[in-house]
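Take a look at the structure set out below.
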Amino acid sequence: MTSSSSLPSTASAPAESSDPSDRRRWIALAIVMTAAFMDLVDVTIVNIAIPSIREDTGASFSSIQWITAGYSLAFAAGLITGGRLGDIYGRKRLFLIGIGGFTLASALCGFAAGPEMLVASRILQGGTAALMVPQVLSIVHATFPAHERGKVFGLFGAIVGLGAVLGPLLGALLTEWNIAGLEWRPIFLINLPVGIAGLVLGRKFIAESKAPKALRLDLVGVALVTLGMLMLIYPLTRGHELGWPLWGHLSMAGSLLVFLVLVMFERAKARRDGSPLVELSLFRVKSFAAGIAVQLTFGIGLGIFFLVWTLYMQMGLGWSALRAGTTGIPFSIAVSCAAGISVQKLVPRFGRKVLQTGALLMIIGLLLYIWESDRYGMGITSWQMALPLVVMGLGMGLIVAPLTDMVLSEVPKEHSGSASGLINTVQQMGNALGLGLVSVVFLGAIGDRLAPQEVGPAFAEAFRHSLWWVAGVLAVIFLVMFALPARPRQHVEGGDGAVDAAGVADAADMAGGSGSVKEPALTP
203 MTSSSSLPST
213 ASAPAESSDP
223 SDRRRWIALA
233 IVMTAAFMDL
243 VDVTIVNIAI
253 PSIREDTGAS
263 FSSIQWITAG
273 YSLAFAAGLI
283 TGGRLGDIYG
293 RKRLFLIGIG
303 GFTLASALCG
313 FAAGPEMLVA
323 SRILQGGTAA
333 LMVPQVLSIV
343 HATFPAHERG
353 KVFGLFGAIV
363 GLGAVLGPLL
373 GALLTEWNIA
383 GLEWRPIFLI
393 NLPVGIAGLV
403 LGRKFIAESK
413 APKALRLDLV
423 GVALVTLGML
433 MLIYPLTRGH
443 ELGWPLWGHL
453 SMAGSLLVFL
463 VLVMFERAKA
473 RRDGSPLVEL
483 SLFRVKSFAA
493 GIAVQLTFGI
503 GLGIFFLVWT
513 LYMQMGLGWS
523 ALRAGTTGIP
533 FSIAVSCAAG
543 ISVQKLVPRF
553 GRKVLQTGAL
563 LMIIGLLLYI
573 WESDRYGMGI
583 TSWQMALPLV
593 VMGLGMGLIV
603 APLTDMVLSE
613 VPKEHSGSAS
623 GLINTVQQMG
633 NALGLGLVSV
643 VFLGAIGDRL
653 APQEVGPAFA
663 EAFRHSLWWV
673 AGVLAVIFLV
683 MFALPARPRQ
693 HVEGGDGAVD
703 AAGVADAADM
713 AGGSGSVKEP
723 ALTP
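Using this note's numbering, the first residue of the sequence shown is number 203, and each one after it goes up by one.
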């Protein structure tokens, strides 16, 4: 998240028929922005409703992990292919297929008869989001002339930032209200009227566009990436529950062989037709390789933090969904505020030091949180959590807003679309991996048989244990950031406005939870 989009966008030239007086394009903008908003809010809503889902359906902890990780994995696996399908067959067509599928998947989630159906529906939701979300920026790029895009991207970033703040609160309210006795189900069913409206209006107002020269599909690459991630993440999520069987260790070791085969295949495909899923030559750029490492590890850290934070507040401390949702509002606001300042004022002057300062601030916030949780125990209040959350939020905003542009700054222009898609895909994969690691760093610290009075303290202790892991991940990120360029070179189209929107969208997505709304840099 989240959500705004995440993909390579080999964008075509702006439509020549775009008349500045034509209001249809502004209606089209509202439609694609609403779809991106819906995707982001859906992710943040799910996080806050997880304890309610578990209580109502009897889902195991591994099922809970897959409700979130399954979405991220399917979203990541389909991002680049979704973008290329839009370039080949038409952005409007793929957007409508995506929003229709996302709406259908939301209905299946809302009416899920059990945890297995809910997990499958969430995977479908992530896959259809991967068709819908990449088209958002491509449609904007093809619809609006260059001189208007700065204003459009600025508006886009503001709307997505608002979604990050409202998502947890809306999820908490829908869960607390228990509308028609449906418990958590309205968090998904709310997508139905919005999705249907987007589908109907999108057919009427969005203009079709394609890339003048689109890359070919790499379905084998997608299959290898998905297989490798499944072989790694599935044993992690089930390992604690099953007692860490031998097949799990073999599967995780085998995933390394699958990724090795992927690298060999992508090299061969690049030589054969020049359209691999992963452009391996990008990794020769030191700043890009370092940035990919930062995105992956950052995704892992955030995947761990947001899930264990929810479990700690609602299942450990016994707080209501509404109280947990409102507790996170200062964090979301801090991320959005720091994101805007970071991109517009700080990074142009101080460069990568801003990102490294953000990593240190996040570590300080985590240490404060660990100290307060230990100091106040089960009596900790939302107000006492505000300080560490604001410090963490400020640090995250300093990192996520300028990170994509920093990573892309030394990438050749002709590869910036592929590079931005890969960056966002890796971040989503890191998020899925982090969610899988919750079994190790959080559930592994909780005893198997706890008396009712032991549950709360055990969850609090496991929460503190998990935060030490996240702090360690951030320390690694701080060191890897030395390989980033001292200052990014501006080369994305749209000027500062485009970068601002991308940064705020990234920040808003991560503030909301496991994210899915990210803006790629646009190629000329």
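Just so it is clear, CB atoms sit at the ideal spot from N, CA and C, and this is done for glycine as well.
Please read all numbers here as calculations on a predicted model, not as lab measurements.
### Query
What residue range is occupied by the uninterrupted alpha helix (DSSP H) comprising SER575?
554 to 578
### Query
What are the start and end residues of the alpha helix (DSSP H) that includes TRP268?
263 to 291
### Message
Please identify the residue among PHE297, ARG554, GLU574, PHE239 whose C-alpha is closest to the C-alpha of LEU401.
### Response
PHE297
### Task
With DSSP collapsed to three states, give me the class of TRP386.
coil
### Distance, GLY658 Cα to GLN630 Cα
31 Å
### Task
Leaving out five residues on either side along the sequence, give the residues of the same chain with a beta carbon under 8 Å from the beta carbon of GLY456.
MET433
### Message
For THR583, count the other beta carbons within 10 Å of its own beta carbon; 16 or more makes it buried, fewer makes it exposed. Which is it?
### Response
exposed
### Query
Is VAL335 helix, strand or coil when you go by DSSP?
coil
### Task
Assign GLU468 to one of two classes, buried (16 or more other C-beta atoms within 10 Å of its C-beta) or exposed (fewer than that).
buried
### Query
Among residues of its own chain, excluding the 5 on either side of ILE566, which ones have a beta-carbon nearer than 7 Å to its beta-carbon?
VAL593
### Task
Assign PRO604 to one of two classes, buried (16 or more other C-beta atoms within 10 Å of its C-beta) or exposed (fewer than that).
buried
### Query
For SER534, which three-state DSSP category applies?
helix
### Task
Just the C-alpha distance for GLY383 and LEU394, rounded to the nearest angstrom, thanks.
18 Å
### Query
Distance, Cα to Cα, PHE263 vs ALA491?
34 Å
#### Entry: Spatial distance of ARG227 from ALA409 (CA atoms)
8 Å
### Query
What's the call for ALA653, buried or exposed, on a 16-neighbour Cβ count within 10 Å?
exposed
### the stretch 300 to 319 contacting the stretch 657 to 675, beta-carbon criterion three pairs below 8 Å
no
### Query
Given that a residue counts as buried once 16 or more other Cβ atoms are within 10 Å of its Cβ, and exposed if not, what is ASP475?
exposed
### Three CB pairs or more closer than 8 Å across the stretch 254 to 269 and the stretch 319 to 327
yes
### Message
By the three-class DSSP mapping on this structure, what secondary structure does PRO550 have?
### Response
helix
### Message
At the level of alpha carbons, what is the spacing between GLY302 and ILE398?
### Response
7 Å
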